[in-house]
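Visitor: I'd like to ask you about the structure that follows.
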Amino acid sequence: MKTGIFYFSGTGNSLWAARLLAKELPEAQISNISYTVQFAPSYSYERIGVVFPVYMFGLPLIVRSFLEKLLTSSQTYIFAVATYGGLAGNALPQAARILARRGLKLSAGFLLKMPGNYTPLYEALTLPEQESLFDIARARIGEIGRLIKEGRVVKPFGIPLSGWLFEGVYRLGSSRIPQADKNFWADEKCDGCGICQKVCPVYNIRLFGGKPAWQHSCQQCLACLHWCPQEAIQYKKSTVGRKRYRNPHVQLKDFIVL
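Anchor point for the sequence shown: position 55 equals 54 in numbering that gives the first Met the number 0, and the numbering is continuous, going up by one each time.
As structure tokens, this is what we get:
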């Protein structure tokens, strides 16, 4: 049974999860949402999966856009895997509602705890702490793969009271995400290598005089901050001196946007 797995990833967690899940599913193909969202995505896969991180207790804007454009049969088995570092929020119920408005059904929704990457609020976990989460995630992905192969229906339950709170925060904050890049800046360590521009999944960074300038269509994936080899990119003052995070099982070349 052919499966299309579409992922969005800034620092590697969702890409890593998508790759491991693809190994569990025969005839699975992986695609980057950053590319496919530019078109009206129409697919004839028997199963379609979406793997993405949780941002602001909900869906990344680019993932929301992908789901709003998705064209496929109403009989397609659609599943979602949300990776999260802090709280899973309302991401899976949001995905289910968007698909329902299009006459589609989210057949199964799964959560996957991973190391967080939101350095503006906290420092990266130690490597042993990260590996502990990866070990748990590997086992969980194996279980997710089994449930998908069996065609199981796994309802993406939300928590009634906190769900309203998460949804409120998301609605208030998500519209401000594209402009939040005004808080990025490059310190004196920046050598103009341009990696930040190359890893941005929405082409939001340009170089002027060898320095990055953000163009206000940000996703808050923090790829620019975490992939900078000089750790020169900062967000406000809170990231200065804080340990960065990149999933150690992916490489820079996986994120270079063509």
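From the three backbone atoms N, C-alpha and C, an ideal C-beta is built for every residue, glycine too. Model, not experiment: these values are computed from the prediction.
Compute the beta-carbon to beta-carbon distance between THR10 and HIS225, rounded to the nearest angstrom, for a pair I have assumed lies under 8 Å.
Guide: Sequence index remark: in the sequence shown, residue 10 carries index 11 (1-based). Sequence index remark: in the sequence shown, residue 225 carries index 226 (1-based). Right, the Cβ-Cβ distance comes to about 5 Å (below 8 Å), so this counts as a contact.
Visitor: Tell me the DSSP secondary structure of GLY167 in three-state form.
Guide: In the sequence shown, residue 167 corresponds to position 168, counting from 1. DSSP places GLY167 in helix when its eight states are reduced to three.
Visitor: Is it true that the CB of CYS217 sits closer than 9 Å to the CB of PRO177?
Guide: Here residue 177 is taken as the residue at index 178 of the sequence shown, counted from 1. Here residue 217 is taken as the residue at index 218 of the sequence shown, counted from 1. A contact, by the Cβ cut-off of 9 Å.
Visitor: Would you mind reading off the limits of the alpha helix (DSSP H) that contains LEU111?
Guide: Your numbering for residue 111 matches position 112 in the sequence shown. Segment 105 to 112 is the beta strand (DSSP E) holding LEU111; no alpha helix (DSSP H) there.
Visitor: For GLU128 and LEU146, what's the separation of their Cα atoms in angstroms?
Guide: Taking the first residue of the sequence shown as 1, we reach residue 128 at position 129. Taking the first residue of the sequence shown as 1, we reach residue 146 at position 147. Approximately 27 Å, taken between the alpha carbons.
Visitor: For ASN246, name the three-state secondary structure that DSSP assigns.
Guide: Reading the sequence shown from its first residue, position 247 is the one you call residue 246. Coil.
Visitor: Which of helix, strand or coil does DSSP assign to LYS1?
Guide: The count along the sequence shown starts at 1 and reaches residue 1 at position 2. Coil, per DSSP.
Visitor: Can you give the beta carbon distance from GLY84 to ASN116, rounded, assuming they're within the 8 Å contact cut?
Guide: The residue given as residue 84 occupies position 85 in the sequence shown. The residue given as residue 116 occupies position 117 in the sequence shown. Confirmed, Cβ separation roughly 7 Å.
Visitor: So, with DSSP's three-state summary, where would you put TYR121?
Guide: Taking the first residue of the sequence shown as position 1, residue 121 is located at position 122. The answer is coil: DSSP assigns TYR121 none of H, G, I, E or B.
Visitor: Does the separation of the CB atoms of PRO200 and SER33 fall below 9 Å?
Guide: For this step, residue 200 is matched to residue 201 along the sequence shown. For this step, residue 33 is matched to residue 34 along the sequence shown. In contact: PRO200 and SER33 (Cβ atoms closer than 9 Å).
Visitor: Under the three-state reduction of DSSP, which class applies to ASN203: helix, strand or coil?
Guide: As a first step, residue 203 is located in the sequence shown; it is residue number 204 there, counting from the start. Correct three-state label for ASN203: coil.
Visitor: Does DSSP classify LYS267 as helix, strand or coil?
Guide: Absent from the structure is residue 267, since the part of the chain shown begins at 0 and ends at 257.
Visitor: Per DSSP, ALA212 forms a beta bridge with which residues?
Guide: Taking the first residue of the sequence shown as position 1, residue 212 is located at position 213. ALA212 is bridged to ARG205.
Visitor: Less than 9 Å separating the beta-carbons of ALA79 and VAL50?
Guide: The count along the sequence shown starts at 1 and reaches residue 79 at position 80. The count along the sequence shown starts at 1 and reaches residue 50 at position 51. Taking 9 Å as the Cβ cut-off, ALA79 and VAL50 qualify as a contacting pair.
Visitor: Assign TYR34 to one of three DSSP states: helix, strand, or coil.
Guide: Taking the first residue of the sequence shown as 1, we reach residue 34 at position 35. Looking at TYR34 - three-state DSSP - the assignment turns out to be helix.
Visitor: Are the Cβ atoms of ILE140 and GLU230 separated by less than 9 Å?
Guide: The residue labelled residue 140 in the question sits at position 141 within the sequence shown. The residue labelled residue 230 in the question sits at position 231 within the sequence shown. Contact flag unset, no.
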